[in-house]
Amino acid sequence: MMYDVTERMLFVSRVTMSRTRTRTEERVLQAAKRLFLRFGFDKTTMDDVAREAGVAKGTLYRYWPSKEALFESLLFRELRAVNEDFLTRIESDPAGGTIGRILYHGFAATYERPFLRALMTTDSRVLGTYLRQRSPELSRWQFRLDRQLVEELQEAGVLRRDLDPHLLTYLFTVISLGLSTAAEVVAPELAPPTASLTTALADMAQRAFAPEGGGDSERGKEVLRRFITALNQSLANLERETRIGSASEGDKT
Numbered sequence: 009m010m011y012d013v014t015e016r017m018l019f020v021s022r023v024t025m026s027r028t029r030t031r032t033e034e035r036v037l038q039a040a041k042r043l044f045l046r047f048g049f050d051k052t053t054m055d056d057v058a059r060e061a062g063v064a065k066g067t068l069y070r071y072w073p074s075k076e077a078l079f080e081s082l083l084f085r086e087l088r089a090v091n092e093d094f095l096t097r098i099e100s101d102p103a104g105g106t107i108g109r110i111l112y113h114g115f116a117a118t119y120e121r122p123f124l125r126a127l128m129t130t131d132s133r134v135l136g137t138y139l140r141q142r143s144p145e146l147s148r149w150q151f152r153l154d155r156q157l158v159e160e161l162q163e164a165g166v167l168r169r170d171l172d173p174h175l176l177t178y179l180f181t182v183i184s185l186g187l188s189t190a191a192e193v194v195a196p197e198l199a200p201p202t203a204s205l206t207t208a209l210a211d212m213a214q215r216a217f218a219p220e221g222g223g224d225s226e227r228g229k230e231v232l233r234r235f236i237t238a239l240n241q242s243l244a245n246l247e248r249e250t251r252i253g254s255a256s257e258g259d260k261t
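This is the structure in structure tokens:
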């Protein structure tokens, strides 16, 4: 009987510690996101994050070995969240598996998140030296994933099969980045409402890239379910890896 009581006490203790850790991590990640967006990667220090989150600096290094690791943990977490939001939007839309609606919901889910919007526009103020160090690697990784999805959507009858998948992937990148960066070169008063712009872009893509008949929405949804489930599992693994290893003294800034 005493053994059972002790085991239960140990279990409750482990659950409590796990919840405390989760709450602390959440507080730190939210604080880091605010600071990276406000001051940028280069000007934000681990001291700043600890102060903003209300935790000791040593606590940060028990979770993340460096500022770079903390930034990447936040990045992978944000990507998983936007993927889940995107899939929810797709599932609730009867035509959500067609290419036009896929693009529309992708735009809508992404541009509501300032951190990801900064990444997509390669905002040097926010990303700083991280952009120079990791941007080529991240862009290649993103392009490979996008091309894989394009090929699967072609196979599912959502995209025209007579178009080169590499070219299609590049065109979608151009569309996405154009939407992100136009505000930097066009006077604000000339910009149409974002909803109108994303709708127009999605409609143009549907007319240009969908096969005759508009494409198979249900098969498109099936592709996206599989793709996003696998992608989010990979992102979860990558996030865990950001917390493995130790930082050099030079990284502790």
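In our numbering, each residue carries its 1-based index in the sequence shown increased by 8. Note that CB positions come from ideal geometry on N, CA and C, so glycine has one too. All values derive from a computational prediction rather than experimental measurement.
What residue does the alpha helix (DSSP H) around residue i start on, and which one ends it?
i: K51; result: That residue, K51, is in no alpha helix (DSSP H); it is neither H nor E in DSSP.
i: V90; result: K75 to S100
i: R109; result: I107 to Y119
i: D209; result: With the sequence shown as reference, residue 209 is identified as Leu, and Asp is not the correct amino acid for it. Where L209 is concerned, the enclosing alpha helix (DSSP H) stretches over T202 to F217.
i: G66; result: K65 to Y71
Whose C-beta lies closer than 7 Å to the C-beta of residue i among residues of the same chain, with five residues either side of it excluded?
i: L157; result: F235
Would you report the Cα separation of residue i and residue j, rounded to the nearest angstrom?
i: L246; j: L239; result: 10 Å
i: E120; j: A126; result: 11 Å
i: L171; j: L161; result: 12 Å
i: E2; j: E159; result: Past the edges of the chain, shown from 9 to 261, lies residue 2, and the structure says nothing about it.
i: S118; j: L124; result: In the sequence on display, residue 118 carries Thr and not Ser. Taking the straight line from one Cα to the other gives about 7 Å.
i: A61; j: A39; result: 5 Å
i: A199; j: E192; result: 11 Å
i: D55; j: P122; result: 23 Å
i: S184; j: R227; result: 24 Å
i: D50; j: F94; result: 30 Å
i: A237; j: F84; result: As written in the sequence, residue 237 is Thr, which differs from the Ala given in the question. If you take the alpha carbons of T237 and F84, they lie about 14 Å apart.
i: V194; j: A116; result: 21 Å
i: A164; j: A203; result: 28 Å
i: L175; j: A190; result: 22 Å
i: G66; j: L153; result: 36 Å
i: R248; j: I98; result: 28 Å
i: E220; j: Y69; result: 55 Å
i: K75; j: D224; result: 44 Å
i: A77; j: F180; result: 29 Å
i: V63; j: A89; result: 25 Å
i: P102; j: Q241; result: 26 Å
i: T30; j: G222; result: 45 Å
Can you list, in chain order, the residues of its chain whose CB lies under 8 Å from that of residue i, leaving out five sequence neighbours each side?
i: T207; result: Y112
i: F47; result: D56
i: L45; result: P122, F123, A126 and V134
On the three-state DSSP scale, how would you describe residue i?
i: R264; result: The structure shown has nothing for residue 264, since the chain only spans 9 to 261.
i: G222; result: coil
i: G104; result: coil
i: R251; result: coil
i: A126; result: helix
i: F19; result: Residue placement at F19 cannot be trusted, given a pLDDT of 46 that sits under 50; what the coordinates show is reported in the next sentence. Correct three-state label for F19: helix.
i: S256; result: For S256, the pLDDT reaches just 42, beneath the cut-off of 50, and the residue's location in the model is therefore unreliable, although a value from the coordinates is still provided. S256 falls in the coil class under three-state DSSP.
i: V158; result: helix
i: V36; result: helix
i: D199; result: As written in the sequence, residue 199 is Ala, which differs from the Asp given in the question. The answer is coil: DSSP assigns A199 none of H, G, I, E or B.
i: A164; result: coil
When every heavy atom of the ligand FAD is checked, does at least one fall within less than 7 Å of the C-beta of residue i?
i: L205; result: Ligands in the displayed structure: none, and consequently the ligand FAD is not present.
Leaving aside the five residues before and after residue i along the sequence, list all residues of the same chain whose C-beta is less than 6 Å from its C-beta, in chain order.
i: L87; result: L243
i: R169; result: Q162
i: T250; result: A77, E80 and S81
i: T52; result: L43 and F44
Report task. Could you tell me whether the segment 207 to 216 touches the segment 99 to 116, using the rule of 3 or more Cβ pairs below 8 Å? Result -> Between the segment 207 to 216 and the segment 99 to 116 there are three or more C-beta pairs closer than 8 Å, enough to call the two in contact.
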